[in-house]
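Position 111 of the sequence shown, counted from 1, bears residue number 1267 in this note's numbering, the numbering being contiguous throughout. A virtual CB, placed ideally from N, CA and C, is assigned to each residue, including glycine.
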Amino acid sequence: MKIAVVGSYGAGLTMRVPRAPVAGETLSGGRFASGHGGKGSNQAVAAARLGAEVSFLTAVGRDQFGTAARQLWAEEGIDAEAVRITDAATMVGFILVDDDGENRIAIAPGALDELTPADVDRFADRIAEADLVVVSLEIPLPVALAALRTAHKHGVRTLLNPAPAVALPDEAWEWIGVLTPNASEARVLAGLDPDDPTTAEQLIDLLRARYTGTIVLTLGAEGALVDDAGERNRVTPVTVPRVVDTTGAGDAFTGALAVALTRGDDLTEAARYAAAAGAHAVGVAEVIPALPGPDDIAALLRR
């Protein structure tokens, strides 16, 4: 299973607090931790832990965060030779997690802003050799589009995790093999307000006006809704005893879905496998420690 990932890396600086402070308030009693983050890197690690051969393209700085990132990828067996090293600061995300496990995140992109379509051109051999290319949108949009376009040119299936969601140019839709938005991201892609009350089924119908590929609409604690060529199935949620931290759940889901599709699982089975990966992630604090291995997912599915 060869998976190429084009996306972000960032250091995650996490503060766990009883509740989120309101504007102007200083809230004491927090617990601090720092660790690896960035949707692309998380997804690459998630896929590698589940047995895929992963190549990764991103940009990091020459700072301590960039050095730590390269060490992580080496430890996880990820091919990071194409990663761009710049003089800009590595991306940093500031994350607040409350006692209910909900998170609030602010991001300073730094080195990611220097990633260009030319870097994708230098990564094209890995894309051409891949069974699946995974792209997310914390990187500049022209870079994400270049990755999708390059994969499409080489006949390689693509998976776009549209996070954070932005409007896509019309021509980009034909480059996407699998689309994995959550409900708020689907609303943005469909041209609605993020808090529009449109149901999951209606969101898929709206996306079908411009997109004919595979849709996996993630619904958090409600599971997922999958649609392929008009055949629609609900994937029931996989539960854990306690939600600790939701920060890496979507990336665990994406990485596991990529692995399951690459090895030939049908869409509903793949989404169920991915849901188990996401469920495992919410039960463990911090992102990298929460990304599961095959035994973790098997244990949840047996339950």
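Give every residue of the same chain whose Cβ lies closer than 6 angstroms to the Cβ of residue i, excluding the five residues on either side of it in the sequence, and list them in chain order.
i, result
"R1282", "A1160 and S1211"
"F1279", "L1213 and A1238"
"A1307", "I1283, V1289 and T1314"
"P1298", "P1273"
"F1221", "A1167 and T1246"
Is DSSP giving residue i helix, strand or coil here?
i, result
"S1340", "helix"
"E1285", "helix"
"E1258", "coil"
"I1159", "strand"
"A1238", "coil"
"R1109", "Since the first residue shown for the chain is 1157 and the last is 1459, residue 1109 is missing from the structure and cannot be characterised."
"I1251", "strand"
"A1167", "strand"
"G1193", "strand"
"A1323", "coil"
"V1173", "coil"
"I1332", "coil"
"A1264", "strand"
"G1207", "coil"
"G1217", "strand"
"I1295", "coil"
Among the options, which has the Cα closest to the Cα of residue i?
i, options, result
"E1442", "G1185, L1183, S1190 and E1181", "S1190"
"I1295", "A1339, G1369 and V1216", "V1216"
"I1251", "F1279, F1188, L1348 and D1235", "F1188"
"A1385", "V1289, L1335, Q1220 and I1453", "L1335"
"V1400", "E1330, A1274, V1440 and V1299", "V1440"
"Y1367", "E1330, H1310, P1353 and A1426", "E1330"
"V1291", "G1379, L1413, G1376 and M1171", "L1413"
"T1114", "T1355, V1201, L1348 and T1314", "Only positions 1157 to 1459 of the chain appear in the structure, and residue 1114 is not among them; the question remains open."
"H1436", "I1261, F1409, G1166 and D1421", "F1409"
"G1347", "D1219, T1355 and L1362", "L1362"
"D1287", "T1424, Y1429, K1158 and D1451", "K1158"
"L1447", "V1162, A1204 and L1183", "A1204"
"R1390", "R1398, A1405 and E1357", "E1357"
Could you name the residues of the same chain whose beta carbon sits closer than 8 angstroms to that of residue i, not counting the 5 residues immediately before and after it, in chain order?
i, result
"I1360", "A1342, I1371, L1373, L1381, D1383 and R1388"
Could you tell me which residues DSSP puts in a beta bridge with residue i?
i, result
"R1313", "L1288"
"F1212", "V1161"
"G1233", "Answer is none; G1233 lacks a bridge partner."
"G1347", "Looking at the DSSP assignment, G1347 forms no beta bridge with any residue, so it has no partner."
Using a Cβ-Cβ cut-off of 7 angstroms (strictly less than) and excluding sequence neighbours within five positions of residue i, which residues of its own chain qualify?
i, result
"A1245", "G1217, D1219, G1266 and A1267"
"G1193", "G1166, A1167, G1168, G1249 and V1443"
"R1428", "V1391"
Which parts of the segment 1356-1396 are runs of the alpha helix (DSSP H), unbroken and 4 residues or longer, counting only runs that do not cross its ends?
1356-1363
Scan the segment 1397-1440 and note each continuous alpha helix (DSSP H) run of 4 residues or more that stays entirely inside, going in chain order.
1405-1418 and 1423-1438
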